[in-house]
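**Q** Sharing a structure with you now.
Protein chains in written order, with this note's numbering: chain L, 35 to 453; chain A, 35 to 453.
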């Protein structure tokens, strides 16, 4: 039992979790089911792009040597000998001052090396004239100029987004190797918890943390497993968590991590022989957030306070789940925002405040939740980000510059660090 | 047939689409399946929060009148008559200078009106003394101070996020009325298209737009319907689109909207009797993007160019699909970003350039895709946003401030407008 807890900095807490992450290993999925998964191998080009040297414009393919000396005073004439539509080419060997009429996307015949656009010509009987010299490769897309067969297009560890799916299709990958998604079990503890269907009773509240976390997992494309707890005593909870450890890679619990008599999680970590990575973080809310490791499994003991539970998941659990899939950018981005409400209470600790973000004229605004009492419930219901307020002796005012963690975005970053 | 096309401003094009949107109507889903859906009714509080007036601290509940006259020189003594643990209350009527010992969250008994924290007392035999007067309601959370039964907590039209799911649970909504997601069919046209499994042939490319759009729909939580096209002539395409109109609310096609001989969509809209809302937009790429309406259905004719197809979906289709669900914030947010690469070509038209966004020190950076030829394929594969460059006579340099459309984020805004 650890009643004397030493708070550690949130950056250190995040590091301790990330250091203990084990990869989930890989599996193969259909390319059209790969959205939001993490690439387990570099995606390499299976062909040159473009596949062949082709015209980038509608016009005439000629050899640049035939354009020598052309000027406004000395228009050089060309005779059109053949037409090359898109999807076609020609083996004809151009003689001096001969030209192919060519369409965008058509292959440049071997005896031509440059393309004159229609609007750069003047029509004459059987052909056209030009008024300037053309260098090789004008208006031409050369074979392999975008990429060569074997080039790495997207690195292992990249989260697959719609553009990546398009690229898989382009290169003919009907299947793709990705990292397995972790199996995650969610269990809320507390004798005061009711199910959503239950009528309210004095001293009890409905369990909102479990469905919230399951939705936070959905946002990552992960289907979490919901565990129900009938009674909330040491033996029941111990047996349940033992069983969960056989079924999932990660256990998220909410509640039961304080130091009160009814806070069972510390005793359970002890009985399981789990290594407590930390049980006190120098932050508000959620200072009692506890993360433990047992063999390859991680146990996230999130606070029962809904706001702390939300940000605890985003701060610790989400990047760990990303890193289990070897994501190169496992962390949520922190961006500059404008505080939209006074927040006068000072606090010596770094605060992570669930907030409603909104966008106006290119700026991101953040309205804190849960502190202005009159809209605490409302703000929680709409929260789509977390405001980060550095600890200190002063409060903050509407209009102040703050950092916010974007939680509704699927793009990540490679590092975590708050002041 | 409309060979003479008049370009309209992108803002007007977006407005024309949004004006033609019809609501999909509502359905009821389980609260734990409601993530990413749009609320069809205001979410109202089914109880006061807090449900009852309770102690916000561990301490002693007393009547404020008994504290009158207390000071450092005149400590007032109290006798503890009963203990009130969390989840409990008491019917005992306090006499003068009597107190309940009370825990955080416990109901304040009717005969008390304020709470003295443990640390504000000095213990004496059978009770404690205090050194200052207490006003009513100190250290107390009053019934309904966060919200009252019937208060609107989240408005109709709000996209349900994890915090909203938590709120549904809190108020006992095991089911929730949401707007139906539109049924969306996706069909790519073009004789040059191969399936992902096919080997490459000269003049052909694999169809990457369909899986890209299906992933863009997945990002919205919508499962699109993939239509395959065997041959690409007028009769086949007409019959296919006629059949799709019976099965879906929205048809997205890619390709076939230019003015060439093989661009069949304009003829098909004509034959169907669909009203063409616009067929030319003053933007690059994707100026040929065409949107039509037929009865309650919308037909999005996106460009076959992958970059134009991507941004065409984000600009026109996504907000329309959101508005069909009566979302109050249907548009993707535009935020300030820093251009991370020179972009020297000027263009008189507004440009929407698929881009890779990344985050550093609170700023959003944007790397354009498809223009720096050496990484065109790579950038497309990683694109997670769209750079908006106003039309004009100059190019842009690395470090310039630009606006970007966040496409990887689920939070929206209420209006669309570019310069």
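Glycine is no exception: its CB is placed at the ideal position from the N, C-alpha and C atoms.
Taking Cβ positions, are residue 90 of chain A and residue 136 of chain A nearer each other than 7 Å?
**A** no
**Q** Buried or exposed for residue 108 of chain L, going by 16 or more other Cβ atoms inside 10 Å?
**A** exposed
**Q** Against chain L, does residue 173 of chain A count as a neighbour if the rule is that its beta carbon must be under 7 Å from one of theirs?
**A** no
**Q** Runs of 4 residues minimum, wholly inside the region 209 to 254 of chain L: which ones carry the alpha helix (DSSP H) assignment?
**A** 243 to 253
**Q** Have a look at residue 352 of chain A and residue 243 of chain L and give me their C-alpha separation to the nearest angstrom.
**A** 31 Å
**Q** For chain L, is any of its Cβ atoms less than 7 Å away from the one on residue 267 of chain A?
**A** For residue 267 of chain A, no Cβ of chain L is located within less than 7 Å of the residue's own Cβ.
**Q** Name the chain A residues whose beta carbon is nearer than 8 Å to that of residue 250 of chain L?
**A** 196
**Q** Using 7 Å as the threshold, is the C-beta distance between residue 177 of chain A and residue 84 of chain A below it?
**A** yes
**Q** Does the CB of residue 313 of chain L have a neighbour CB from chain A at under 7 Å?
**A** no
**Q** Measuring only between beta-carbons, confirm whether residue 381 of chain A sits less than 7 Å from chain L.
**A** no
**Q** Under DSSP, the beta strand (DSSP E) around residue 529 of chain A begins and ends at which residues?
**A** In this structure chain A extends from 35 to 453, so residue 529 of chain A is not present and cannot be described.
**Q** Please classify residue 385 of chain A as buried or exposed, where buried requires at least 16 neighbouring CB atoms within 10 angstroms.
**A** buried
**Q** Given that a residue counts as buried once 16 or more other Cβ atoms are within 10 Å of its Cβ, and exposed if not, what is residue 166 of chain L?
**A** exposed
**Q** Tell me the start and end of each unbroken beta strand (DSSP E) in the region 38 to 112 of chain L that is at least 3 residues and wholly inside, in chain order.
**A** 60 to 64, 93 to 96
**Q** Please compile the residues from chain L whose C-beta is within a distance smaller than 7 Å of the C-beta of residue 52 of chain A.
**A** Residues of chain L whose Cβ lies closer than 7 Å to the Cβ of residue 52 of chain A do not exist; the shortest such Cβ separation is about 18 Å.
**Q** So, helix, strand or coil for residue 155 of chain L, using DSSP?
**A** In the structure shown, residue 155 of chain L sits in a strand (DSSP, three-state: E or B).
**Q** Please classify residue 436 of chain A: does DSSP put it in a helix, a strand, or coil?
**A** strand
**Q** List the residues of chain A that residue 433 of chain L touches, going by C-beta distances under 7 Å, in chain order.
**A** Under the 7 Å cutoff, chain A gives no residues; its nearest Cβ is about 17 Å from residue 433 of chain L.
**Q** Between residue 399 of chain A and residue 81 of chain A, what straight-line distance do the alpha-carbon atoms span, to the nearest angstrom?
**A** Cα-Cα distance, rounded: 46 Å.
**Q** Along the chain, where does the alpha helix (DSSP H) that runs through residue 275 of chain L open and close?
**A** 268 to 281
**Q** Quick one, which residues of the region 352 to 372 of chain A are near chain L if we go by CB-CB under 8 Å, in chain order?
**A** 367, 368, 369, 370
**Q** What residues from the region 199 to 227 of chain L come within 9 Å of chain A, judged by C-beta to C-beta, listed N to C?
**A** 199, 200, 201, 202, 203, 204, 205, 206, 207, 208, 225, 226
**Q** Using 8 Å as the Cβ pair cut-off and three pairs as the minimum, do the region 68 to 79 of chain L and the region 121 to 132 of chain L touch?
**A** With the cut-off at 8 Å, the region 68 to 79 of chain L and the region 121 to 132 of chain L do not touch.
**Q** Listing by chain order, which chain L residues have their CB less than 9 Å from the CB of residue 192 of chain A?
**A** 415, 416
**Q** So residue 71 of chain L contacts chain A; which residues on that side make the cut at Cβ distance below 7 Å?
**A** The premise fails here: residue 71 of chain L is roughly 11 Å from chain A at the closest Cβ pair, so nothing lies under 7 Å.
**Q** Taking the alpha-carbon positions, what's the residue 275 of chain L to residue 239 of chain L distance?
**A** 23 Å
**Q** Any Cβ of chain L within less than 7 Å of the Cβ of residue 230 of chain A?
**A** Chain L contact via Cβ: present.
**Q** Can you give me the start and stop residues for the beta strand (DSSP E) that residue 426 of chain A sits inside?
**A** For residue 426 of chain A, no beta strand (DSSP E) run applies, since DSSP gives it neither H nor E.
**Q** The beta strand (DSSP E) with residue 133 of chain L in it runs from where to where?
**A** That run of the beta strand (DSSP E) goes 132 to 136.
**Q** Give the single residue among L:336, L:192, L:429, L:161 whose Cα lies nearest to the Cα of residue 321 of chain L.
**A** L:336
**Q** Taking all protein chains shown into account, do 16 or more other C-beta atoms lie within 10 angstroms of the C-beta of residue 477 of chain A, making it buried, or fewer, making it exposed?
**A** No information on residue 477 of chain A is available, as it lies outside the stretch 35 to 453 that chain A covers here.
**Q** So residue 246 of chain A contacts chain L; which residues on that side make the cut at Cβ distance below 8 Å?
**A** 196, 197, 199, 200, 203
**Q** Could you tell me which of A:54, A:443, A:201, A:357 sits nearest to residue 191 of chain A, measuring between CA atoms?
**A** A:357
**Q** On the CB-based measure, 16 or more other CB atoms within 10 Å of its CB, does residue 431 of chain A come out buried or exposed?
**A** exposed
**Q** Nearest chain L C-beta to residue 444 of chain A closer than 7 Å, yes or no?
**A** yes
**Q** Report the option in L:175, L:182, L:437, L:433 whose CA atom is closest to the CA atom of residue 420 of chain L.
**A** L:437
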